[in-house]
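Enquirer:
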Amino acid sequence: MAIPRSEILKNLYAKAEAGIPIIGGGAGTGISAKCEEAGGIDLIVLYNTGRYRMAGRVSITGLFAYGDANAIMMEMAGEVLPVVRRTPVLAGVNATDPFRMMPQFLRQVQEAGFSGVQNFPTVGLFDGIMRENMEATGLGYDKEVEMIRLAHEMDLLTTPYVFSEENAQDMVRAGADMVVAHVGLTTGGTIGATAAMALDDAIDFTNRIAAAAREVRPDVLVICHGGPFDWPETVAAALERMPGVNGFYGATSMERLPVERAITAQVREFTEMKTLPFKPVETNPGN
Numbered sequence: 005m006a007i008p009r010s011e012i013l014k015n016l017y018a019k020a021e022a023g024i025p026i027i028g029g030g031a032g033t034g035i036s037a038k039c040e041e042a043g044g045i046d047l048i049v050l051y052n053t054g055r056y057r058m059a060g061r062v063s064i065t066g067l068f069a070y071g072d073a074n075a076i077m078m079e080m081a082g083e084v085l086p087v088v089r090r091t092p093v094l095a096g097v098n099a100t101d102p103f104r105m106m107p108q109f110l111r112q113v114q115e116a117g118f119s120g121v122q123n124f125p126t127v128g129l130f131d132g133i134m135r136e137n138m139e140a141t142g143l144g145y146d147k148e149v150e151m152i153r154l155a156h157e158m159d160l161l162t163t164p165y166v167f168s169e170e171n172a173q174d175m176v177r178a179g180a181d182m183v184v185a186h187v188g189l190t191t192g193g194t195i196g197a198t199a200a201m202a203l204d205d206a207i208d209f210t211n212r213i214a215a216a217a218r219e220v221r222p223d224v225l226v227i228c229h230g231g232p233f234d235w236p237e238t239v240a241a242a243l244e245r246m247p248g249v250n251g252f253y254g255a256t257s258m259e260r261l262p263v264e265r266a267i268t269a270q271v272r273e274f275t276e277m278k279t280l281p282f283k284p285v286e287t288n289p290g291n
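In terms of this note's numbering, the sequence shown opens at residue 5 and continues consecutively.
(1) With a floor of 4 residues, list each alpha helix (DSSP H) that falls wholly inside the region 180-248, ordered by position along the chain.
(2) Do you know how far the Cα of Phe109 is from the Cα of Asp101?
(3) Check whether the region 26-42 touches the region 145-156, taking contact to mean three or more Cβ pairs, one atom from each stretch, closer than 8 Å.
(4) From the DSSP output, read off the bridge partner residues of Gly29.
(5) What residue ranges within the region 102-177 form continuous beta strand (DSSP E) runs of no fewer than 3 residues, ordered along the chain?
(6) Can you check DSSP and say which residues form a bridge with Ala96?
(7) Are there 16 or more other CB atoms within 10 angstroms of the CB of Tyr70, so buried, or fewer, so exposed?
(8) Give the DSSP-derived three-state secondary structure of Glu276 in the structure shown.
(9) For the alpha helix (DSSP H) that Ile64 lies in, which residues bound it at each end?
(10) With 16 as the cutoff for other CB atoms within 10 Å, does Lys147 come out buried or exposed?
(11) On the CB-based measure, 16 or more other CB atoms within 10 Å of its CB, does Pro8 come out buried or exposed?
(12) Using only the alpha-carbon positions, how far apart do Val121 and Ala241 sit?
(13) Please identify the residue among Pro247, Arg221 and Gly251 whose C-alpha is closest to the C-alpha of Asp234.
(14) Could you pull out every residue in the same chain whose Cβ sits closer than 7 Å to the Cβ of Met5, ignoring the five residues on either side in sequence?
(15) I need the DSSP call for Val88, collapsed to helix, strand or coil.
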C-alpha cells in the first residue's frame, strides 16, 4: 500500500534532525524486502538490477538490453508490494525508455502501490563517447530530471541518483526530496565491481554533492551510495566524516553481500560436520 509523501518526509526529517542515518535498500526478491523491513529499513527500492543481482549476475547487467527494465520492475512489484506492510516502496524508473509515455507510466506506477520513484537504469553510469551519443540523441540525463519533475508534481516521493554537482542541482530544482550521491557500482563479494573510487575520494565527492544540492534548497536530504560504501562498519565510519549527509542507500550491500556470506557459511557448517564412523545395519537372518 502506498504511503503518502508527506508522511514519509515527516519520518525521514525526524531521523535526520535526531542525527539517525536514513537507510534505504534495493530488493530483488520478496524475501529480501521482507527481511529488510524486519531489519527496520526506511525505504525499499525496486529496479531491474535487483532481479539480475539476485540471479548471480553483475549489477551492471541492468544497464543493457537483456530485458525491458520498466516491465521487469513492474513484475517485481507483484512479488514485493504484497509482502511489505509498513515501509515505503519506490519504483526504479527507466526514464529514457522511448516506448513509454512517462506521465501515463508514472500513473501506472502510482496505481500499482508505489510510494515514490528513483531514476534507474540511469545514463549517469555511462561516460565517454557512449554518453555523448546518448545525450545527443534524446536519451540523456535530462529525461531523468524531467521524470523526477513529473513524479514530484504527482506527489510521489523522489530520491534520484546524482553523479555530479550539476546533476544534484538540476534534480533539486525539479523537486527531488532526497538526492543520492552515486559513487559507482558497489565493490565486494563474488561479482562486485573491481574498479571503484577510493574511500577518501568517495567521501569528498559526496560532501561536494551535498553542498551543491543545498545551494538550491538548504533542507534537501542527501544520502550516499555505491563504490567503497559497502559494509555497515565502513559506512558508519564514512558518515562520521560527512556531517551533511543524512544516510546511506544500499542494494548490493543489503541483499547480495549478506546472502553470499550467510549461505556460504550455512552450507559450510553442513559440509564440515564431523561424522560418526560408519556402522553397517545388523540384520536378523531369521526374518
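Built from N, CA and C at the ideal position, the CB exists for glycine as well.
Please read these numbers as outputs of a predicted model, since none were measured by experiment.
Expert: By the coordinates alone:
(1) Within the region 180-248, the complete alpha helix (DSSP H) runs of at least 4 residues are 203-220 and 236-244.
(2) Distance between the alpha carbons of Asp101 and Phe109: 11 Å.
(3) Touching, no, given that fewer than three Cβ pairs across the two stretches are closer than 8 Å.
(4) DSSP lists Ile48 and Gly254 as the bridge partner or partners of Gly29.
(5) Segments of the beta strand (DSSP E) lying fully in the region 102-177: 120-123.
(6) Before going on, a small fix: residue 96 reads as Gly here, not Ala. Answer is Gln122.
(7) Flag for Tyr70 reads exposed.
(8) Reduced to three states, the DSSP call for Glu276 is coil.
(9) Careful: Ile64 lies outside any alpha helix (DSSP H) and carries neither H nor E.
(10) Buried is the call here.
(11) Exposed, because fewer than 16 other Cβ atoms sit within 10 Å of the Cβ of Pro8.
(12) Each residue's alpha carbon lies about 28 Å from the other.
(13) The residue from Pro247, Arg221 and Gly251 with its alpha-carbon nearest to that of Asp234 is Gly251.
(14) Correct list, in chain order: Gly117.
(15) Secondary structure at Val88: coil, using DSSP grouped into helix, strand and coil.
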